[in-house]
Ligand SMILES: Nc1ncnc2c1ncn2[C@@H]1O[C@H](COP(=O)(O)OP(=O)(O)OP(=O)(O)O)[C@@H](O)[C@H]1O
Ligand SMILES: Nc1ncnc2c1ncn2[C@@H]1O[C@H](COP(=O)(O)OP(=O)(O)OP(=O)(O)O)[C@@H](O)[C@H]1O
Ligand SMILES: [Mg+2]
Ligand SMILES: [Mg+2]
Ligand code: NI
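Residue numbers (the working numbering), protein chains in the order written: chain E, 233 to 534; chain H, 52 to 402; chain W, 497 to 1023; chain B, 1060 to 1628.
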């Protein structure tokens, strides 16, 4: 009984980010749809990582026959500028995935920071945040994107990421706020106040971890939106058409009339890849829904 | 005991006569209104600043176009500036002039489409967008919601997985990509549908059946694109909320009382699940006025989205300002209307 | 290419005497504006209103039009002889008073004076058959410029209250066509039966749709379009309908160095950079191999062959030669180290090339340049702001290198004047009207001043040689390749289109040169 | 007792087992249940939380939803196996068949449909009431559950919990059932309302003569109304006997244990397992028997000399109107009291009487609208957010709901370490030692093992102990316990109460004990305050007040306490 003074095992801390991650990953993986999604995403990430090894040619290596049909040298044919479509597709995956993940991550981080403080603070500051978020919600998204893109032109993918993040964080912040508000009324939050915790710690150690699934969901949603937004911006010619991404491939496909010249792969392949990547994220989100909504997770015990 | 989420509802909440509640309510409304006005003002100001943050002036944009055909002289620039009525005066003067315009709803003359006025341009474009995007948004919401109800009610069967998966896959394609393919095949290869415009090339807009039929025919492909790409969101949203209402006790109780499955599905589960979806619907409706830039671009559809694209790429401040204002206000108003609708549909918020 | 090849399927309801032209783009609707002085006018206004003189920018030839010709009794006076027997489409006769009125209108409404002719004109006098323009200063080339002004009927325009916003919905002109049906998505123009050279006009009607995507152009039986189309043989020509094309050079695409900045102000650096360029490859990348590399002379070949200085080797065309390039760089103090071109302090030569977003051929060209210079160890970045911002950067001189077009006006003087004249010089940060590279050479200015007052063609030719020498030796810009004039035509209904064999005019569908084409075509069934 | 037993069997259950899930992960919620019900019987089904009562109820009514499924066994209703019915047949036979009033009857109504429509939906589904009689029938039904006609046009959200519970009973009744299952029809209701609803059910059963199953974890309530009682434990029916036999001659240990926790707080002497009556104790000087498994240790606690008392004077709290158009709520109305060091004070009253609000006021969670609250020389009402720590090191709270009071993601150790670090300044191994000591104090051993657990690995009683341990971590002088046992089973209650009592006795911690359960107030407090609509209506020595209540409200509260021994005895 009572206290031992010797040989105390190491102090166990709150679940480390890794443990949380592992838990989230396991829950997501347990969902069939999410498993498919993760597999597709994983495949894309592998392709992107090993693009330098897999891609038969450089991304903008040209000088091949223009608008050629598929052949042994060029499985998916060549572009009007004489570049290898397959190589562009592989290299392009780097940008699309990078934009999706980074923009998704950034807008999630902003949404979390703002959403949580918004949900936790009261009075004047809550009004201020409310005002700012509302502003970003009512301001038209794509036009705002276009204007910012025009303003920041020439910034390459960094610019696209900024644009997507600026126009994309507000929705997440709103969702996270309402969740924060409902969590902050839970007893354990009040209990943390009684434990002498400071507001910062309450928000980030007590409330935040309980929203993991929501945040993860928000991340995948934002990443999907970012991938589609990148493609849209590039297609409108407002991105940086000197880089090779799936979006710019579509832009050039349209520009060089791939439909007329019969360069099907040039138009189909990037579109399909975008859709597959976006779908994979949506599928993963199904798994995330499972954690956030216990009712969807039938059979599990409390 | 039951579960950790069980909330205790005090039993003694019989309404007590009002004491000073009226004044508080008035104060509340005033605060709300104040915030609304403040948001509106900020949005209006932002709409003013954003275009001006873009480097280059409207004249530069016009010149750049001309310069592609050969050198342009200084005189040309001066003439163009004079023609376009490029803003004069410092930014503060411009701002006050602009506020004046907002208050009188007179946005002056467009730069890009000089000498057409902004109201002229908007009033020709708006009906098409409102009809096309508006109708499709509503239709997509209705169909998507119904499919979502079906999917949730039959969850675990193919009626669940098919619409859910197909919907989310279809909405994962970039808008313009779907549009391009539809246009190419249905328009150019099979020649089933017209490839551009809102009505036949020689028609003049009127309200005859012939013209309306023609207009519908032209709207079909763009409408289909928007439908295909937006359906998935509604299906998923509705399905997920409804699955959670299906677990609610009043649904179980309705079943225990032997209500017809249809009644339970629609009047109990779906009826409650639709409420949260309304919020997204409000935002979507508000976005209608902004049109669908990508789709209108691909189909050469003369709506607000196309106009907006032109305005932005040509740095047409007056047009941009008017369109942004319209979009902002319509989002605000749509949300307001949805709030009211919420009150009608949900007695809990009604008083 | 392969698979689904959509062929051209002309609308059977369009008769043989009617031409379908992609000349006017609505955005996406047409506005009924035929005021010829407005930027936003309908393109067909050019088919209705005519100038005194048509200057063809491709051939550089002048065609007397509403004037039967002009003379310069002295370098500051131009006398246009007005054509007789021309009537307005409402039947009223066309007179020299109309010409004077039109000039006066541009003075009264400066916004209409897009060419800035009142920068040269002192006063205008008329007789029954002539219009005499007194210039503010001796300026021979100005005669040409002034002559391209479109002329409107005084009897109609004098009653217009506010010409500045007048949209001229029912145009009355002297041109070969009058307005037919107008709808927001398409309008037609009909042949003017009383046109002064009506016998030469073959097409009875012209249809101008508001939307002319490349898919439309290739598949809907267009007779004439002006547009760069990728893989033209695989698309436009393959679509059938007796489609052919002609892509004559319409200007020179060049790299503008910012001459106010080091090291671009060092001729050796420019020479080094120039020698490192494989111009043919850049042209191929930009225009899919349809355009030739441009010589370092600011002269369009082959049409301006006569103006070319024969003493310039290889017609001004410079070959890529890395060894020479490195020699020049060495003289400028740059050497190659570890694959990098560095200055004495070891810093890599590094700059950016500015081009406009959306000008895709330019972008492809710039990327090729980037590759070529990069191979030499130069760090080249590509900056592509929106067109408006690009234009501003160019005018303000806020760039290192910029992609741009030069020449191609059809006038040798103007081609060089806009490129080299010190008149345009402005400090960096202020907008220069031309000479964006800010080339400051008293020598060049002296030649230009002399050119301005030279009436004798032989003297003009000689001065032109000297200007070419300057461009060739001092590299104010680095020419790359010719910018194309992208004429797509169908011989199904009409023949006699300008072509390589019969290069009588630019294949453009806008401005006044189409008048040359429209009065040159023959209907197929007539033959 | 008027028994209309005609012995006609209406429901027969053979060897019924219900599982949640399949295979290894399955929860066997109901195991091998055999039972027979005759027409007109009123049967009680008791058992602790999670013993499978609701699961059985759902199975009987054919409402089991995945993942629940009938593993084996048969349910014969009127001789027919309900498993053999198609969904549509099952639906049709709900009229005149088995009706069920759900455990969470408060949430069993569709929030967006008026009460009238709820009735109409049922009439329309079964067609047993003709269209022209819909209104009359609905009126008749709400009348039967003692509701006014006006409720028909209201929406569920506009009714109180008790009214909603009655509406769902009326709805079930409208099916004209032969058997009605009431699943905890009164949990989550106020004691007074609970009492009234139970009376209605009993009256109805007598009048309509349907067979009734009353599910409850409260043996007292069941014994008050049922003739026959089945006791469920871990999915099995462990005892099935008449009410009288259960009370006087319980066979099963578990049943006996349940019974032992009932006593009448008005009695002269109240003794519960683990508790000797306070007055007796005072008289004899005997220590109460310890409820905790280990005697508490006081190693790291110095006896405090600077004990402060809480002085509350004339405090009122007005909440803004919960919804627009409604009036504001006067939650606490001019309340004064003093809590001396080492004293324990009970705060009792029906739901919504303002008990929790007082707790919030004296812990500075809420600010009073008027009045003063002094803790020692600290003016609690004037504290700002940043100064809370100072107060919370002396005044701690034991939360009502042990499930929501613990962050599900933090281990017990983390939860306890935080206040230790924040208030005592101990770090590292010292802090850990303190945490283990706290766990030991609340009787959670082996301490190391419990320290590493996450809340979901703990039982309700264990969680409640962790919550208490957390409250102790700062060495507080005063503990506010807001209904600390209302969420716990009788079997767990005693332990927790005993623990609280220990703390006060051994450490001189003063305690404000908030409850609506008068019995527990009787055993753990010296003094009592009865609240009604924010006002103190009666106060004094706990035993005195409960034995001789003077206020009419206190009397009603006492009357509402189910007393199994009352009429059976
Ligand atoms: N949906 C479910 N999935 C898995 N297990 C469940 C589910 N619902 C209940 N259980 C488990 O089945 C067992 C019996 O639960 P049941 O709800 O029947 O208990 P109960 O006796 O009604 O308890 P209470 O008094 O709390 O209402 C419990 O162990 C519970 O955890
Ligand atoms: N934050 C709040 N805003 C408005 N009204 C409130 C608020 N908190 C409590 N009330 C109201 O104040 C009254 C007293 O509530 P309180 O929670 O103190 O009751 P209680 O005695 O603790 O009840 P219970 O036994 O149900 O816990 C109730 O009418 C309640 O509705
Ligand atoms: Mg239960
Ligand atoms: Mg309470
Ligand atoms: Ni004809």
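Cβ coordinates follow ideal geometry from the N, Cα and C atoms, glycine included.
Quick caveat: nothing in here was measured; it's all calculated off a predicted structure.
Asked	Found
Our contact map puts residue 347 (chain E) next to residue 408 (chain E) with C-beta atoms below 8 Å; I'd like the distance itself, whole angstroms only.	3 Å
Could you check whether the Cβ of residue 422 (chain E) sits closer than 6 Å to any heavy atom belonging to ligand 1?	no
Answer with buried or exposed for residue 1298 (chain B), where buried requires no fewer than 16 other C-beta atoms within 10 angstroms of its C-beta.	buried
Got a sec, what are the start and stop residues for the alpha helix (DSSP H) residue 955 (chain W) sits in?	953-970
Considering residue 869 (chain W), what are the terminal residues of the alpha helix (DSSP H) in which it resides?	856-871
Less than 6 Å between the CB of residue 403 (chain H) and some heavy atom of ligand 2, yes or no?	Any answer about residue 403 (chain H) is impossible in this case: the structure gives chain H only from 52 up to 402.
Would you identify the three-state DSSP class for residue 1351 (chain B), choosing helix, strand or coil?	Caution applies to residue 1351 (chain B), whose pLDDT of 40 falls short of 50 and renders its modelled position unreliable; the model cannot decide the point.
Taking the continuous alpha helix (DSSP H) assigned at residue 1414 (chain B), which residues delimit it?	1414-1421
Could one say the Cβ of residue 489 (chain E) lies closer than 7 Å to chain W's Cβ atoms, at least one of them?	yes
For ligand 2, is there any heavy atom lying closer than 6 Å to the beta carbon of residue 1388 (chain B)?	yes
Between the C-alpha atoms of residue 1484 (chain B) and residue 1532 (chain B), what's the straight-line distance to the nearest angstrom?	11 Å
Using 7 Å as the limit for Cβ to Cβ distance, is residue 685 (chain W) near chain H?	no
Please go through the same chain and pick out, in chain order, the residues whose beta-carbon is closer than 6 Å to the beta-carbon of residue 333 (chain H), but skip the five residues on each side of it.	385, 386 and 389
Please compile the residues from chain E whose C-beta is within a distance smaller than 7 Å of the C-beta of residue 1534 (chain B).	None at all; the shortest Cβ gap to chain E is about 12 Å.
Under a three-way DSSP split, which group does residue 1399 (chain B) fall into?	coil
Determine, using beta carbons only, whether residue 483 (chain E) comes closer than 7 Å to chain B.	no
Compare the Cα-Cα distances from residue 980 (chain W) to each of W:903, W:897, W:891 and W:651 and report the closest residue.	W:903
Using a Cβ cut-off of 7 Å (strictly closer), state whether residue 313 (chain E) contacts chain W.	yes
Leaving out five residues on either side along the sequence, give the residues of the same chain with a beta carbon under 7 Å from the beta carbon of residue 135 (chain H).	109, 110, 113, 162 and 165
What is the DSSP secondary structure of residue 1176 (chain B), reduced to helix, strand or coil?	helix
Which residue marks the beginning of the alpha helix (DSSP H) containing residue 401 (chain E), and which one marks its end?	388-416
Identify whether residue 1017 (chain W) lies in helix, strand or coil by the three-state DSSP scheme.	coil
Please tell me whether residue 176 (chain H) and residue 354 (chain H) are closer than 7 Å, where the distance is taken between their beta carbons.	yes
Excluding the 5 residues preceding and the 5 following residue 696 (chain W) in the sequence, name in chain order all residues of the same chain whose CB lies nearer than 6 Å to its CB.	1015
Using the C-alpha atoms, what's the distance from residue 567 (chain W) back to residue 574 (chain W)?	6 Å
Check for me: the alpha helix (DSSP H) holding residue 592 (chain W) runs from which residue to which?	592-604
Consider the C-beta atom of residue 1414 (chain B) and the heavy atoms of ligand 2; say whether any pair is separated by less than 6 Å.	yes
Determine the chain W residues that contact residue 318 (chain E) at a beta-carbon separation under 7 Å, and present them in chain order.	Here the premise fails: no neighbours, minimum Cβ distance about 16 Å.
Rounded to whole angstroms, what is the Cα-Cα separation between residue 949 (chain W) and residue 631 (chain W)?	12 Å
Going by DSSP, what residue range makes up the alpha helix (DSSP H) through residue 813 (chain W)?	Segment: none, residue 813 (chain W) is in no alpha helix (DSSP H) and carries neither H nor E.
Would you kindly check if the distance between the Cβ of residue 1292 (chain B) and the Cβ of residue 1106 (chain B) is under 7 Å?	yes
Starting from residue 436 (chain E), find everything on chain H with Cβ-Cβ shorter than 7 Å and list it in chain order.	Neighbours of residue 436 (chain E) on chain H: none; closest Cβ ~23 Å, over 7 Å.
What residues from chain B crowd round residue 442 (chain E), counting only those whose CB sits closer than 8 Å?	1466, 1467 and 1468
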